[in-house]
Amino acid sequence: MSQRCASLCRRDTQTACAKWHQMKQEALQVVWFKRDLRVEDNAALARAAERGPVLPLYIVEPDYWREPDANHRHWRFAAQSIAALNLNLSDRGQPLVIRFGEAVAVLDSIHKTHGIATLWSHMETGNHWTFMRDRRVAGWCRDNGVPWHEPRQFGVIRPLPNRDGWAKAWDRQMRAPRSTAPIALRPIANMTSDPLPSPEQLGLAPDGGSACQKGGREAGLMLLESFMEQRGRTYRRAMSSPLEGADACSRLSPHLTWGTLSIREVAQAAWARQESARSEGTRTGWTGAMTSFLSRLHWHCHFIQKLEDAPPIEWQNLHPAYDGLRPNAPDSPLLAAWQTGQAGLPFLDACMRSLEATGWLNFRMRAMVMAVASYHLWLDWRAPGLHLARMFTDYEPGIHWSQVQMQSGTTGMNTIRVYNPVKQGLDQDPDGLFIARWVPELAGLPAAARHRPWAYAEGQRLLGRDYPHPVVEPAAAAKNAKDRLWAIRKAPEHRHAAEMLVARHASRAPTRRSKKRKNPPSSTPQQLTLRFD
DNA sequence: AGTGCAGTTGACTTT
DNA sequence: TAAAGTCAACTGCAC
Numbered sequence: 006m007s008q009r010c011a012s013l014c015r016r017d018t019q020t021a022c023a024k025w026h027q028m029k030q031e032a033l034q035v036v037w038f039k040r041d042l043r044v045e046d047n048a049a050l051a052r053a054a055e056r057g058p059v060l061p062l063y064i065v066e067p068d069y070w071r072e073p074d075a076n077h078r079h080w081r082f083a084a085q086s087i088a089a090l091n092l093n094l095s096d097r098g099q100p101l102v103i104r105f106g107e108a109v110a111v112l113d114s115i116h117k118t119h120g121i122a123t124l125w126s127h128m129e130t131g132n133h134w135t136f137m138r139d140r141r142v143a144g145w146c147r148d149n150g151v152p153w154h155e156p157r158q159f160g161v162i163r164p165l166p167n168r169d170g171w172a173k174a175w176d177r178q179m180r181a182p183r184s185t186a187p188i189a190l191r192p193i194a195n196m197t198s199d200p201l202p203s204p205e206q207l208g209l210a211p212d213g214g215s216a217c218q219k220g221g222r223e224a225g226l227m228l229l230e231s232f233m234e235q236r237g238r239t240y241r242r243a244m245s246s247p248l249e250g251a252d253a254c255s256r257l258s259p260h261l262t263w264g265t266l267s268i269r270e271v272a273q274a275a276w277a278r279q280e281s282a283r284s285e286g287t288r289t290g291w292t293g294a295m296t297s298f299l300s301r302l303h304w305h306c307h308f309i310q311k312l313e314d315a316p317p318i319e320w321q322n323l324h325p326a327y328d329g330l331r332p333n334a335p336d337s338p339l340l341a342a343w344q345t346g347q348a349g350l351p352f353l354d355a356c357m358r359s360l361e362a363t364g365w366l367n368f369r370m371r372a373m374v375m376a377v378a379s380y381h382l383w384l385d386w387r388a389p390g391l392h393l394a395r396m397f398t399d400y401e402p403g404i405h406w407s408q409v410q411m412q413s414g415t416t417g418m419n420t421i422r423v424y425n426p427v428k429q430g431l432d433q434d435p436d437g438l439f440i441a442r443w444v445p446e447l448a449g450l451p452a453a454a455r456h457r458p459w460a461y462a463e464g465q466r467l468l469g470r471d472y473p474h475p476v477v478e479p480a481a482a483a484k485n486a487k488d489r490l491w492a493i494r495k496a497p498e499h500r501h502a503a504e505m506l507v508a509r510h511a512s513r514a515p516t517r518r519s520k521k522r523k524n525p526p527s528s529t530p531q532q533l534t535l536r537f538d
């Protein structure tokens with residue numbers, strides 16, 4: 006504000022300046038909260054508050070919650086976070102105004118009664134539905150002469166000419182000072198607010214998520230603290246284990262999705278933890294843990310950037326050579342067996358059942374369950390991808406659809422990774438504890454038989470009665486899938502299209518030099534390797 | 001002590 | 001964030 010005021014004061018009379026201050030008092034700043042449900046480090050809110058009286062707004066959009074990727078557990082988390090945000094804003098003098106309806110209609114009605122000077126919201130890279138809704142809102146803003154500012158909260162750049170310098174920009178943004186929350190908000194007169202609807206009112210059926218994470222900034226702060234103080238120390242070693250990962254991973258993901266914490270404050274906490282570990286001197290594992298964690302925060306934005314640059318990845322193969330490879334209509338019994346944890350592959354089933362109840366899986370297990378759907382079960386990624394979107398409390402469209410396509414091999418860019426669900430189980434859950442926890446039918450078996458009940462007499466006795474026979478033979482199914490994928494990848498036109506995709510979407514990372522390379526490193530220029538991983 | 005050989009390990013390639 | 005295969009170096013052991 007000071008800049009504009011100063012220039013006016015210099016150029017014009019004091020009266021003009023006073024008039025501008027007067028106008029500023031009345032110029033309603035609507036802060037439209039979307040997936041940034043916090044007042045701390047919220048640039049939209051902070052900047053709006055510098056300009057004039059703030060109307061904090063949340064729009065419950067029934068059409069959004071009718072989309073196939075939306076689910077009961079998402080709304081529960083969002084609603085808890087919205088309620089907490091409302092309390093926080095109320096303490097500052099102006100409660101959150103909740104409106105039920107279509108965004109343009111809501112904005113238009115507020116504009117007619119109160120007059121919106123400026124609209125503020127964070128820059129959102131959501132699904133196709135939110136993208137189209139934002140286009141309608143942008144049109145309305147243009148028609149009504151309302152400027153709409155969308156400061157960034159993630160490292161996503163809009164528009165992005167190319168990927169050069171992206172990582173540096175991410176670093177700069179995350180290290181920048183956090184925005185401070187306005188201490189007091191001036192109450193807005195005559196503003197009505199709707200109650201938060203129940204999931205049923207939004208048409209959302211219960212989804213079996215009895216043990217999903219709780220929303221609200223308080224829960225996020227507690228996770229952040231316990232992760233940085235204690236849980237995170239073994240992050241690097243334990244994150245891939247389905248049992249240990251639940252504790253050793255930060256579990257901050259839904260808070261980043263709904264913005265109850267800003268990714269910047271999380272990254273800065275990690276850097277601070279790294280610093281304190283270094284100054285302590287003793288080897289505790291914290292520096293390495295934080296390095297791994299920070300690289301994942303970086304990947305978070307890296308993947309969302311992909312959806313920003315290529316919205317069709319939500320419904321279309323990134324690489325067209327894979328169109329028609331798998332049947333469009335899913336094989337319903339196979340899909341159902343996979344979804345419900347009744348595929349007869351114990352470790353896979355344990356993961357799927359655990360996901361349904363808790364809304365969370367560690368990264369490796371997410372990759373595995375998607376790979377099994379895509380390769381062993383030969384399902385097109387759309388139906389399994391939708392199921393996972395609905396199951397993940399932390400569903401973030403940009404990360405999700407990039408990963409789904411990557412794990413089904415339809416990007417054509419990265420190498421095919423066919424996870425072996427039996428081997429992963431033996432590697433990550435050697436004692437079969439995770440299987441026993443989620444597939445109690447098999448808990449009475451010795452560990453080895455829990456992983457492969459068909460290979461042991463005592464396991465065979467349960468098959469077809471207490472626990473299903475495997476829906477596919479894993480080794481043969483994997484071989485078949487690899488053969489079909491590699492047949493496509495060998496075609497020269499596949500490579501050509503893949504190179505174009507790599508140039509557009511892949512990260513730029515320095516080549517890792519082989520340890521045994523005899524050539525002196527200085528003889529070759531630094532090369533760039535392009536990765537979609 | 002040196003040699004041959006089977007089995008192991010790790011780095012690297014292929015699918 | 002894969003898994004299987006290849007190859008060369010290495011190991012332990014018998015002779």
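This note's numbering applies: residue 6 is where the first sequence begins, and numbers increase by one.
The beta carbon of each residue, even a glycine, is placed where N, CA and C say it ideally should be.
Separation of the CB atoms of H116 and K39 is rounded to 18 Å, and the pair is thereby denied contact status at 8 Å. Judged by DSSP secondary structure, Q279 falls within the alpha helix (DSSP H) whose first and last residues are I268 to E285.
A direct Cα-to-Cα measurement between A342 and A511 gives close to 34 Å. Straight across, the Cα-Cα distance linking L124 with P332 is about 45 Å. According to DSSP, Q34 shares a beta bridge with V59 and T123.
Restricting attention to I440, P351 and G403, the CA atom closest to the CA of V477 is found in P351. Between S267 and D432, the CB-CB gap reaches or exceeds 7 Å. Boundaries of the beta strand (DSSP E) around V102: V102 to F105. Our two residues, N485 and A394, have alpha carbons roughly 27 Å apart in a direct line. The Cβ neighbour count for D399, taken over all protein chains shown within 10 Å, is at least 16; the residue is labelled buried. Rounded to the nearest whole angstrom, the C-alpha separation of E319 and H303 is 21 Å. DSSP places R470 outside any alpha helix (DSSP H), giving it a letter other than H or E.
Within its own chain, the residues whose Cβ lies closer than 8 Å to the Cβ of G213, once the five positions on either side in sequence are excluded, are E361 and A362, listed in chain order. For D488, the enclosing alpha helix (DSSP H) begins and ends at P479 to K495. In the three-state scheme derived from DSSP, where H, G and I count as helix and E and B as strand, W365 is classed as coil. If you draw a straight line from the Cα of L382 to the Cα of D252, it comes to about 31 Å. The beta carbons of V65 and V36 sit no closer together than 7 Å.
Its chain contains V65 and D199 as the residues whose beta carbon lies nearer than 6 Å to that of F105, once the 5 sequence neighbours on both sides are disregarded; these appear in chain order.
Here the alpha carbons of P317 and A122 stand approximately 34 Å from one another. By the neighbour-count criterion, in which a residue is buried when 16 or more other Cβ atoms sit within 10 angstroms of its Cβ, R163 is exposed.
Scanning its chain for C-beta atoms nearer than 7 Å, with the 5 sequence neighbours on each side dropped, one finds around P479 the residues L350, H381, N425, P426 and V427, in chain order. Going by DSSP, I87 is part of the alpha helix (DSSP H) stretching over H77 to D96.
When the alpha-carbon of R422 is set against those of A388, H324, M373 and H133, the nearest one is in M373. The C-beta separation of Q279 from T292 comes to about 5 Å, placing the pair in contact by the 8 Å criterion.
Cβ atoms of A51 and A186 come within 8 Å of each other, at about 7 Å. By the Cβ rule, the region 83 to 93 counts as touching the region 222 to 236, because three or more pairs are nearer than 8 Å.
Its Cα nearest to that of D314, the residue I404 stands out among A376, L438 and I404. In the DSSP assignment, G160 falls outside any alpha helix (DSSP H) and carries neither an H nor an E.
Its chain contains no residue whose beta carbon lies nearer than 6 Å to that of P435 once the 5 sequence neighbours on both sides are disregarded. With contacts defined by Cβ atoms closer than 7 Å, C356 and M370 form a contacting pair. Each residue's CA atom was taken as its position, placing L261 and L228 some 12 Å apart. Taking a contact to require three or more Cβ pairs closer than 8 Å, the region 237 to 248 and the region 284 to 298 qualify as touching. The criterion of a C-beta distance shorter than 7 Å is not satisfied by G264 and R81.
DSSP, reduced to helix, strand and coil, places I115 within a helical segment of the structure shown. Considered as a whole, the region 368 to 394 harbours 368 to 376 as its complete alpha helix (DSSP H) runs of no fewer than 4 residues, in chain order. Residue state for R513 is assigned as strand, using DSSP reduced to three classes.
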